[in-house]
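A.B. asks:
In my numbering, the protein residues as written are 667 to 916.
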């Protein structure tokens with residue numbers, strides 16, 4: 667069974683002063699999709715897909731660019747612009763893949779069929795950036811696709827409310843400041859985890875065991891600070907979890 671719906675929200679978003687976008691009030695609506703089906707006919711075990719994404723209803727660049735970012739997160743291989751279409755396409759793709767796996771491996775007498783209780787949950791919401799000119803948005807994906815453990819991934823997206831432009835880290839950190847920010851990131855992580863230096867940090871936490879620190883586009887604004895986020899397996903093993911580091915804005 668799959669249900670797809672759009673629900674209005676009370677909150678709204680307005681741009682700052684000075685731009686055409688600022689004249690348009692953009693109301694938030696929640697696009698949702700819920701699907702739950704038995705892993706096999708007559709089985710009580712189910713797989714599930716649940717998607718809830720806050721979107722902007724206005725016809726302006728901010729709303730369009732936010733929708734494009736959401737679609738890119740859901741279907742990175744497709745140039746989709748409709749959030750509802752992207753949600754349905756992702757759900758259909760996942761279910762088709764799951765059905766094929768289950769058809770090949772399911773045994774009604776097996777005691778291990780609970781491994782087919784796949785779930786895929788995506789939520790998207792605006793964040794409090796602490797700034798009137800910036801919209802920060804978070805998409806979190808929590809899923810179990812078999813194996814020893816599930817996965818949790820968070821993506822941040824930032825937009826200039828006046829122009830609607832999606833912000834890249836290069837818009838925030840000038841090229842001549844990159845090494846300075848990377849050094850500050852290293853020092854802050856060492857401070858956060860009570861490490862003396864980078865080798866000690868890696869020994870204690872696994873951070874940089876799988877990759878070096880870099881200026882990721884996965885960042886959000888928190889007032890006068892910027893928070894970078896590295897997901898599981900990006901620069902550290904799964905056990906390290908999500909790695910966040912907060913620095914003053916350059």
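Note that CB positions come from ideal geometry on N, CA and C, so glycine has one too. Keep in mind it's a predicted model, so treat the numbers as computed, not measured.
1) Taking buried to mean at least 16 other C-beta atoms within 10 Å of its own C-beta, is residue 909 buried or exposed?
2) My parser needs the beta strand (DSSP E) runs of 3 or more residues fully inside the stretch 784-851; what are they?
3) When burial is assigned at 16 or more other CB atoms within 10 Å of the CB, is residue 705 buried or exposed?
4) So, for residue 863: in the same chain, excluding its five sequence neighbours on each side, which residues have a beta-carbon less than 7 Å away from its beta-carbon?
5) For residue 853, which of helix, strand or coil comes out of DSSP?
6) Is DSSP giving residue 898 helix, strand or coil here?
7) Does DSSP classify residue 737 as helix, strand or coil?
8) For residue 790, count neighbouring Cβ atoms within 10 angstroms of its own Cβ and tell me buried if that reaches 16, exposed if not.
9) The alpha helix (DSSP H) spanning residue 908 covers which residue range?
10) In three-state terms, what does DSSP make of residue 762?
11) Rounded to whole angstroms, what is the Cα-Cα separation between residue 832 and residue 773?
12) Excluding the 5 residues preceding and the 5 following residue 734 in the sequence, name in chain order all residues of the same chain whose CB lies nearer than 7 Å to its CB.
13) Would you say residue 801 and residue 886 are within 8 Å of each other, going by their C-beta atoms?
14) Using 8 Å as the Cβ pair cut-off and three pairs as the minimum, do the stretch 773-788 and the stretch 705-721 touch?
15) Going by the beta-carbon positions, is the gap between residue 845 and residue 911 smaller than 8 Å?
16) How far does the alpha helix (DSSP H) with residue 871 in it reach, from first residue to last?
17) Taking the alpha-carbon positions, what's the residue 805 to residue 736 distance?
18) If I follow the unbroken beta strand (DSSP E) through residue 887, where does it start and stop?
19) Relative to the ligand NAD, is the shortest distance from any of its heavy atoms to the C-beta of residue 793 smaller than 7 Å?
20) Closest to residue 890 by C-alpha separation, out of 819, 870, 838, would be which residue?
21) State the start and end residues of the unbroken beta strand (DSSP E) segment that holds residue 720.
22) With DSSP collapsed to three states, give me the class of residue 745.
23) Taking only the alpha-carbon atoms, compute the straight-line gap between residue 888 and residue 796 and give it to the nearest angstrom.
24) If you drop the 5 nearest sequence neighbours on each side, which residues of the same chain put their C-beta closer than 7 Å to that of residue 756?
25) Relative to the alpha-carbon of residue 750, which residue among 820, 728, 722, 766 has its alpha-carbon at the smallest distance?
C.D. replies: The structure says:
1) What you label residue 909 is simply residue 243 of the chain shown in a count that begins at 1. Burial call: buried.
2) 785-793, 800-810, 817-826
3) For the purposes of this step, residue 705 is taken as residue 39 along the chain shown, with counting starting at 1. Buried, since its Cβ has 16 or more Cβ neighbours within 10 Å.
4) Here residue 863 corresponds to residue number 197 of the chain shown, with the count starting at 1. Only 856 meet the Cβ criterion.
5) Against the chain shown, residue 853 aligns to sequence position 187. Note: residue 853 maps to helix in three-state DSSP.
6) Walking along the chain shown from the start, residue 898 turns up at place 232. Correct three-state label for residue 898: coil.
7) Position 71 of the chain shown, counted from the start, is the residue given in the question as residue 737. Reduced to three states, the DSSP call for residue 737 is helix.
8) The residue labelled residue 790 in the question sits at position 124 within the chain shown. With 16 or more Cβ atoms within 10 Å of its Cβ, residue 790 is classed as buried.
9) As a position in the chain shown, residue 908 is number 242, starting the count at 1. Here residue 908 belongs to no alpha helix (DSSP H), and DSSP marks it neither H nor E.
10) Here residue 762 is taken as the residue at index 96 of the chain shown, counted from 1. Correct three-state label for residue 762: helix.
11) As a position in the chain shown, residue 832 is number 166, starting the count at 1. As a position in the chain shown, residue 773 is number 107, starting the count at 1. The straight-line gap from Cα to Cα measures roughly 48 Å.
12) Along the chain shown, one-based indexing puts residue 734 at 68. Same-chain partners within the cutoff: 747.
13) For the purposes of this step, residue 801 is taken as the residue at position 135 of the chain shown. For the purposes of this step, residue 886 is taken as the residue at position 220 of the chain shown. The answer is no: Cβ separation not under 8 Å.
14) yes
15) Stepping through the chain shown from its first residue, residue 845 is reached at position 179. Stepping through the chain shown from its first residue, residue 911 is reached at position 245. Against a cut-off of 8 Å, the Cβ pair of residue 911 and residue 845 comes out as no contact.
16) Counting from one through the chain shown, the residue named residue 871 turns up at place 205. Residue 871 -> alpha helix (DSSP H) spans 864-871.
17) Your numbering for residue 805 matches position 139 in the chain shown. Your numbering for residue 736 matches position 70 in the chain shown. Taking the straight line from one Cα to the other gives about 8 Å.
18) Along the chain shown, read from residue 1 onward, the residue named residue 887 stands at position 221. Counting along the chain, the beta strand (DSSP E) containing residue 887 begins and ends at 885-888.
19) As presented, the structure is devoid of all ligands, the ligand NAD included, so that no description of it is given.
20) As a first step, residue 890 must be located in the chain shown, where it is residue number 224. Closest option to residue 890, Cα to Cα, is 838.
21) Residue 720 sits at position 54 when you count from the first residue of the chain shown. Here the beta strand (DSSP E) through residue 720 covers 712-722.
22) Numbered from its first residue, the chain shown carries residue 745 at position 79. Residue 745 falls in the coil class under three-state DSSP.
23) Counting from 1 along the chain shown, the entry for residue 888 is found at position 222. Counting from 1 along the chain shown, the entry for residue 796 is found at position 130. Straight-line Cα distance between these residues: approximately 6 Å.
24) Here the question's residue 756 lines up with position 90 in the chain shown. Closer than 7 Å at Cβ, skipping near neighbours: 740, 741.
25) For the purposes of this step, residue 750 is identified with residue 84 of the chain shown, where counting begins at 1. When each option's Cα is compared against that of residue 750, the closest is 722.
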